[in-house]
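Protein chains in written order, with this note's numbering: chain A, 76 to 653; chain B, 76 to 653; chain C, 7 to 284; chain D, 7 to 284.
C-beta: ideal position from N, C-alpha, C; glycine also.
All values derive from a computational prediction rather than experimental measurement.
A short worksheet on the structure shown next.
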Amino acid sequence: MNSEHICDISLAITGSGGAGSITAGELLLSLAGKNSCFGMMRRSFGPQIRGGEAAALIRISHRAVECMNDSFDLLLALDWNNADRFAEEIALRPDSLIIADPAAGDIPEAFQELGVEIIEVPMKALAKDITAGRPNMVALGLLSHWLGFCSDEAGKLIDQVFGRKGEEVTGGSRAAFTAGFTEPLIVAAREARPRPERGDPGNRGTRWHFNGNQGCGLGAIRGGIRFAAAYPITPASDLLEWLSPRLEQLGGSLVQAEDELASINMVIGASFGGVPSMTATSGPGLALMTEAMGLAVASETPAVVVNVMRGGPSTGIPTKSEQVDLNMAVYGLHGDAPHLVLGALDHADCILTTEWAVRLAEALQTVAIVLTDQNLAQSTVLIPEPKYELPEIPARVIAQPTDGYQRYEITDSGVSPMAIPGTASSTYVADGLEHTESGKPSTAAADHLAQLEKRSRKIQSFDFGGHWADIRGVGQTAILTWGSSSAVAREAGARLRAAGHEVKVIALRLLLPASPEKLAGELENVSRILIVEQSHSKQFHHYLRAFYDFEADTRTLARPGPLPITPAEIVEKIENWS
Amino acid sequence: MNSEHICDISLAITGSGGAGSITAGELLLSLAGKNSCFGMMRRSFGPQIRGGEAAALIRISHRAVECMNDSFDLLLALDWNNADRFAEEIALRPDSLIIADPAAGDIPEAFQELGVEIIEVPMKALAKDITAGRPNMVALGLLSHWLGFCSDEAGKLIDQVFGRKGEEVTGGSRAAFTAGFTEPLIVAAREARPRPERGDPGNRGTRWHFNGNQGCGLGAIRGGIRFAAAYPITPASDLLEWLSPRLEQLGGSLVQAEDELASINMVIGASFGGVPSMTATSGPGLALMTEAMGLAVASETPAVVVNVMRGGPSTGIPTKSEQVDLNMAVYGLHGDAPHLVLGALDHADCILTTEWAVRLAEALQTVAIVLTDQNLAQSTVLIPEPKYELPEIPARVIAQPTDGYQRYEITDSGVSPMAIPGTASSTYVADGLEHTESGKPSTAAADHLAQLEKRSRKIQSFDFGGHWADIRGVGQTAILTWGSSSAVAREAGARLRAAGHEVKVIALRLLLPASPEKLAGELENVSRILIVEQSHSKQFHHYLRAFYDFEADTRTLARPGPLPITPAEIVEKIENWS
Amino acid sequence: MDQAAQQIALTPKDFKSALKPVWCPGCGDFAVLNAITKALAFMGLPREEVALISGIGCSSRIAAYTSVYGFHGVHGRALALASGLKAARGDLTVLVAGGDGDGLSIGGNHFIHACRRNMDMTYIIMDNEVYGMTKGQASPTTAPDWADSKLTPHGTGIRPFQPAGLALTAGASFIARGFTGDPNGLAKILVAAIGHKGFSFVQALSPCPTFRPEQMLWKHHVKAFDQEISSNPVEAAQRIQADDGMSTGIIYQNERPVFRPGTGVDNGMGSIESEFTI
Amino acid sequence: MDQAAQQIALTPKDFKSALKPVWCPGCGDFAVLNAITKALAFMGLPREEVALISGIGCSSRIAAYTSVYGFHGVHGRALALASGLKAARGDLTVLVAGGDGDGLSIGGNHFIHACRRNMDMTYIIMDNEVYGMTKGQASPTTAPDWADSKLTPHGTGIRPFQPAGLALTAGASFIARGFTGDPNGLAKILVAAIGHKGFSFVQALSPCPTFRPEQMLWKHHVKAFDQEISSNPVEAAQRIQADDGMSTGIIYQNERPVFRPGTGVDNGMGSIESEFTI
Ligand SMILES: Cc1ncc(C[n+]2csc(CCOP(=O)(O)OP(=O)(O)O)c2C)c(N)n1
Ligand SMILES: Cc1ncc(C[n+]2csc(CCOP(=O)(O)OP(=O)(O)O)c2C)c(N)n1
Ligand code: SF4
Ligand code: SF4
Ligand SMILES: [Mg+2]
Ligand SMILES: [Mg+2]
């Protein structure tokens with residue numbers, strides 16, 4: 076095992092349906108938390124709806140990590156049924172290790188070819204001897220020993236998790252864990268290797284454990300969302316499911332709609348009623364929402380849409396990640412329809428960005444689309460409690476009762492005070508037809524221009540402050556990226572710096588409106604720019620070209636999903652610039 | 076009246092509902108055709124659904140014209156009811172002329188301010204004396220005299236048009252016409268002015284009289300469309316209405332769908348069945364179609380969508396024109412979804428571009444969006460018979476019965492032979508999920524990449540020939556534009572050339588894929604570029620930036636609708652470059 | 007005069023806005039507007055506590071002609087917009103109005119789902135059996151042999167929907183039909199519909215003299231249902247089927263649980279944030 | 007053997023593709039697949055003259071498991087896709103299949119309009135009263151008190167649709183219900199449905215053991231309708247209302263004009279181009 080990874084280990088647990096690889100993975104990540112580590116976990120499933128093979132892809136480290144590593148140090152296979160399905164997701168190196176059950180048969184060719192060292196542990200047989208013992212708990216024991224985790228903590232965790240299932244299950248799980256933890260084959264193999272340098276113990280402060288969807292949910296309610304409308308779609312469903320009881324707890328509600336056309340219109344209706352409102356969806360659903368998003372823009376009704384990107388086009392690869400709805404989010408509305416597009420950069424940033432988006436949508440009375448992706452949404456992290464500060468953002472400007480109220484009044488800021496139903500004497504009719512200041516439909520050129528300018532100005536002239544991008548490091552080389560590629564780029568940046576390169580990593584959080592002056596400022600002394608994105612057609616690159624000027628030598632690292640971009644790919648591209 | 080306009084006169088006829096201004100305008104344009112002229116006519120209506128005030132905006136010229144002129148030489152008002160509604164559309168000059176009925180009361184301030192000469196003709200009173208005589212026919216007579224048209228031709232036309240309504244109506248119309256034609260006030264006023272130089276008589280060849288919607292319809296059926304699905308929307312409805320009986324005549328059919336989601340999916344279904352298929356819509360409808368257009372892209376099913384742009388955003392200004400669905404057409408699909416976007420440049424070009432689009436969609440098994448706008452769609456022209464030649468384009472590649480047929484086979488061209496239901500032994504399942512060559516759903520990175528590349532390559536590597544743009548003139552100054560602004564830019568180009576400027580007018584017909592090398596070639600010696608478009612947010616400009624490099628001094632003339640951009644605006648921008 | 011008394015004193019005219027309708031002379035929609043404003047005045051509802059939501063179409067323009075809160079949304083989505091508003095603002099009286107195309111063609115899905123969901127709101131379809139706004143195409147209530155649209159030159163050849171029947175099967179808890187030739191009758195129906203707890207559906211036969219001039223004869227065919235309001239869905243279904251679609255009155259009313267999401271009680275964020283910590 | 011004889015010799019297995027279904031063990035959808043392939047084999051239809059169109063959902067995956075022409079479209083639009091196909095290719099036998107979410111939630115509008123339009127095709131809703139593919143949310147046929155979805159933790163509180171009733175009111179001319187526990191019975195129903203001239207609707211009760219394990223008890227509740235096929239819509243409506251939704255058999259059949267656009271006769275372009283000249 077590569078010593079540079081000793082305090083940063085990537086491991087995969089695979090197994091067929093029901094073998095419990097995901098459960099084992101989850102417990103291992105929790106244990107990592109209890110052992111002062113940080114970590115991250117992705118799940119990968121075969122095509123079956125349920126019960127097919129599954130892989131837990133885990134990274135455990137002594138520092139907070141925000142993306143997966145390039146390759147895996149260790150693969151534990153509960154069995155080999157269809158495990159080759161995961162071969163491309165679990166890149167092993169010649170110095171990686173495989174732990175497998177000899178009873179599971181031959182190791183698939185895809186893994187064998189590498190000449191990786193294999194430790195055979197009869198997990199099934201060990202479990203069989205234990206009442207209610209399961210091989211995945213043996214595996215958890217093996218891995219916990221390998222990682223040097225505390226077995227007491229593991230016991231407590233098992234009690235906590237399986238407690239409800241009764242004595243037998245809990246006891247069996249504990250026993251199976253111990254069988255693995257103390258298995259001589261592993262103990263010996265471990266001893267034969269350099270003990271992992273535990274290095275500095277991780278930050279002992281509070282750790283947060285959540286996935287990107289939950290992060291967005293939290294950001295949304297922090298921002299003030301109290302109504303949501305929902306139509307399920309992978310990988311956004313669990314964000315909606317997370318919101319439902321929590322909105323209710325906060326005195327709000329979530330309504331399951333008949334389709335996305337309904338859900339976005341419900342959001343607009345609720346927001347017209349004065350309640351900050353949102354929905355969440357993914358590409359195909361966002362496509363169905365663009366017409367109504369135009370209505371929200373034209374009628375100046377705040378609305379937030381979290382779009383969790385997945386592989387496209389069309390139904391594409393719903394369970395995998397890609398950064399390919401940028402085009403639609405930025406340009407997908409008909410007519411000249413200025414709105415906001417934000418992209419969350421990592422798990423913690425899902426909270427910040429969504430809260431910011433809600434506040435901006437409310438302040439600017441427009442649509443804010445938050446882009447995340449399956450990578451962020453459905454992987455969990457174990458990180459220090461995220462802290463952030465948002466700039467002051469005014470709340471929705473509410474009209475006080477006035478006679479002669481003009482809903483679409485031309486104001487300096489471009490924001491027209493909004494009357495909320497219930498307010499006496501300020502009744503008005505919101506309209507998607509072009510209108511005068513009072514809201515009367517109008518086809519006059521002057522009214523159209525005035526309202527177009529107002530809707531554009533309120534966004535263009537707003538001071539978005541320093542949150543438009545997240546910038547790390549300095550140097551003449553810049554990596555310019557967005558979304559979930561940002562964490563990868565940051566890790567690449569750190570590695571490049573460690574190797575003596577001066578690299579600046581710029582991740583755009585605010586995509587629309589664009590911030591050309593701010594970026595130009597950041598690029599002043601930059602001579603090389605690498606644009607990184609997970610899209611075959613280079614959507615981000617074309618977006619940048621449309622709104623920004625680049626003088627430096629600009630190149631792209633763009634490729635489609637489903638495999639995430641790795642830090643190594645970025646490092647290589649920079650190192651072999653020439 | 077300005078002598079430079081003598082052979083190119085712009086006139087407007089306004090009146091309240093039922094006054095017959097549109098009928099008079101239509102007859103005048105027909106008469107122009109019979110008098111060896113060319114021309115164009117737009118209609119403008121007040122907000123009432125029916126029966127409100129209406130204006131016929133007409134340009135008559137001895138050469139073919141493709142856009143309206145900057146201002147109007149003559150305004151004939153049948154009455155002044157709400158005529159100020161049209162004031163901004165009917166720009167008069169101090170040397171313009173107004174013909175009005177003294178019985179109609181005071182001339183609205185908007186028109187009075189200019190100090191325009193006014194001829195008062197008691198049209199109502201003249202008509203009153205004639206059984207079944209109507210003031211609008213008096214007006215037709217006045218204007219025909221003014222234009223030097225042949226009164227015999229007018230009589231024949233009246234017989235032809237009103238014949239069905241019986242003797243009384245026909246006779247009354249003829250008599251009213253004559254009353255106007257011979258009205259001493261007009262005869263005298265006309266004599267007091269320089270007789271219009273008739274110049275070279277216009278091309279005496281066959282003239283075509285049609286609007287842009289009809290042009291698209293003709294192009295579509297020439298291209299082979301035999302099925303259409305329809306959901307009405309202004310200003311695309313009359314294209315669909317035009318198609319319905321004609322498709323039936325050609326052995327095809329049109330189905331009225333319940334909504335746009337249905338219409339686009341019907342199109343895809345029919346095309347899957349082997350029948351070239353299309354629909355037509357406008358912004359809000361296109362928004363509802365993007366999800367299914369992604370399906371057509373992913374499943375590689377040819378589909379054509381004509382989108383007639385109107386004022387946006389949202390419901391916007393449905394009856395007026397704007398070039399603001401470019402963003403959505405180019406970028407509106409989720410995922411990486413390469414497809415075709417074409418823009419028709421003028422009325423004749425509606426035919427060419429739509430035929431081309433159908434053939435390309437069929438050859439490349441993808442979605443082709445044709446953009447036109449209300450300007451083109453609902454104005455009629457009287458032009459020489461349009462002739463054009465399209466490059467050779469292969470028909471849809473049909474799979475012959477084969478065992479082991481692979482629908483999504485990787486081929487050199489990127490085009491995979493398509494089996495049509497009914498073909499034995501080549502059954503397959505079209506899929507919007509990512510798939511292998513055989514069509515089996517797949518989440519594998521290699522399959523995804525292979526299919527993404529294929530779908531992109533078939534378009535990128537196709538030789539689109541010389542039709543990517545329409546280029547007029549040479550020079551160091553280029554006007555770069557698209558859609559209905561093209562005819563305006565061409566007229567501006569002609570004027571600038573007449574004034575001694577060397578100007579090249581480049582109108583992009585093929586918008587996606589972009590043609591960066593071809594445009595770069597055209598811009599080689601260009602030092603100044605003016606980008607012209609009718610959009611507040613400069614959609615075309617941003618589109619160009621995203622896909623093309625510009626070295627010249629590049630400026631924009633971009634403004635929203637509803638008023639069309641005029642040749643004079645462009646001329647001014649170039650002349651005052653500095 | 008105290009405030010309540012002041013509100014009761016509102017006349018139908020007070021519920022009209024200053025805008026002049028764009029409707030053609032003789033359009034039935036004027037009478038729907040009159041009936042709504044009459045009903046609201048009669049019920050003594052404060053203007054600011056009423057919202058009228060509409061889609062796109064001639065009829066959908068109606069929102070702008072009233073003086074209550076309004077939203078003129080996009081085509082076919084009025085019910086969804088209204089459902090969101092009502093979910094978030096249960097205190098408001100929510101009315102929805104629009105055309106047969108808006109409600110039964112593009113909006114058909116929201117129609118059946120709104121009936122099923124049974125939120126407390128009133129939906130008025132201003133049925134002229136045609137798409138007026140787009141210049142006269144067949145709608146889902148158009149007879150199959152109406153051949154005056156260029157889009158379907160031989161007629162649609164398709165059996166029309168019976169909106170009341172569809173509403174019943176989909177779950178509406180109040181169903182009525184009115185006629186613009188009898189605006190007082192329509193206003194009375196609206197009072198009952200707005201008063202009903204749950205989703206009330208009112209089909210207002212509203213002629214389009216411009217594209218369906220033959221509808222000017224409706225006044226000779228329209229008659230009152232000769233039966234009492236039914237609370238039995240089977241009976242109501244029979245009555246709707248047996249009728250020629252021209253009988254007016256309240257057909258069906260049967261209160262059932264109203265959908266009201268959330269409790270309105272805010273228990274605070276505290277426990278939510280703590281879920282994230284391990 | 008001549009070609010006709012060869013075709014008749016096709017077995018159900020010949021109508022299956024080589025793909026292994028992604029369905030969970032015990033999923034009812036396997037039986038729908040079997041019933042379809044049995045029906046097609048029984049009817050002796052050539053594979054290439056049949057098209058099976060579906061949307062998105064576990065059930066909608068079915069298209070890929072047959073060996074006829076297929077289109078796995080987008081969520082909720084299968085009927086529209088199929089209607090276009092049938093309009094352009096009246097010669098094909100068109101089947102449509104998908105889930106209760108696909109057909110009654112997002113696809114509800116196409117469902118009622120397809121019933122109304124009465125094109126000659128067969129639509130099978132594989133009803134498991136849940137969204138299987140997205141991991142178990144309530145569908146429009148879910149009981150209001152089913153509280154196992156995190157999206158609606160207290161249940162939807164909304165009355166479910168009765169698909170057969172909706173189909174009837176919307177205009178379907180053939181309505182039946184089958185059960186995957188009786189694949190032969192379902193196959194027989196499908197033979198009748200495919201044979202029917204017009205829009206035939208078959209609700210196939212198809213349990214989802216993964217998200218609705220309690221549906222494994224359906225086999226104890228399902229029974230045959232004890233009445234003959236009705237051709238009277240009022241009678242059929244009553245029968246559907248009176249039933250608990252668990253009776254199987256053909257409920258209603260009543261042939262009425264089938265919608266077939268166009269004549270198929272090509273009279274050439276000539277006169278069209280000449281319209282443009284003056
Ligand atoms: C998405 C979309 N599709 C189509 C239209 C065009 N459109 C406007 S109103 C209308 C139908 C109007 O019919 P109806 O709802 O019956 O109202 P009416 O005008 O008859 O009162 C249509 C098709 C639109 N505005 N938006
Ligand atoms: C536009 C769109 N919205 C949402 C989804 C997500 N989605 C996929 S299948 C499905 C519902 C599946 O339920 P059902 O149709 O009953 O099929 P089942 O899986 O139960 O067989 C949903 C909501 C999608 N693919 N596309
Ligand atoms: S077109 Fe018909 S529905 Fe529309 S306003 Fe005129 S009469 Fe009324
Ligand atoms: S989740 Fe349910 S419906 Fe889907 S395959 Fe599994 S058992 Fe069948
Ligand atoms: Mg109507
Ligand atoms: Mg289902």
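Opening and closing residue of the beta strand (DSSP E) in which residue i lies
i	result
residue 475/A	Run containing residue 475/A: none; DSSP gives neither H nor E here.
residue 259/C	253-259
residue 169/B	167-175
Neighbourhood of residue i by C-beta distance below 6 Å, restricted to the same chain and skipping five residues each side
i	result
residue 99/B	88, 211, 214 and 215
Chain-order list of residues whose beta-carbon lies under 7 Å from that of residue i (same chain, five-residue window excluded)
i	result
residue 343/B	367, 370, 371, 376 and 378
Local conformation of residue i per DSSP, three classes
i	result
residue 331/B	strand
residue 268/D	coil
residue 480/A	coil
residue 463/B	coil
residue 95/B	coil
Start and end residues, alpha helix (DSSP H) containing residue i
i	result
residue 315/B	312-324
residue 398/B	No alpha helix (DSSP H) contains residue 398/B, which DSSP labels as neither H nor E.
Contacts around residue i, its chain only, beta-carbon distance under 8 Å, and the 5 residues preceding and following it disregarded
i	result
residue 150/D	161, 162, 163, 164, 165 and 166
Neighbour list for residue i in chain A, Cβ cutoff strictly below 8 Å
i	result
residue 233/D	Result: empty, since nearest Cβ-Cβ is about 33 Å, beyond 8 Å.
residue 5/D	No information on residue 5/D is available, as it lies outside the stretch 7 to 284 that chain D covers here.
residue 183/C	Near residue 183/C there are no residues of chain A at all, since even the closest Cβ is about 25 Å away, more than 8 Å.
Under 8 Å from the C-beta of residue i: neighbouring residues of chain B
i	result
residue 400/A	409 and 410
residue 112/C	306, 333, 334 and 335
Using a Cβ-Cβ cutoff of 8 Å, what residues of the stretch 156-173 of chain D are near chain A? List them in chain order.
156, 157, 158, 159 and 162
Scan the stretch 62-80 of chain C for residues whose Cβ lies nearer than 7 Å to a Cβ of chain A and list them as they occur along the chain.
69, 70, 73, 74, 75, 76, 77, 78, 79 and 80
Identify each residue in the stretch 281-307 of chain B for which the Cβ-Cβ distance to at least one residue of chain D is less than 8 Å, and report them in chain order.
281, 282, 283, 284, 285, 289, 293, 296, 297, 301, 302 and 304
Short of 7 Å Cβ to Cβ, which residues in the stretch 15-32 of chain D face chain A?
28, 29, 30 and 31
If you measure from each residue's Cβ to the nearest non-hydrogen atom of ligand 8, which ones come out under 6 Å, in chain order?
For ligand 8, the structure offers nothing, since it holds only ligand 1, ligand 2, ligand 3, ligand 4, ligand 5 and ligand 6.
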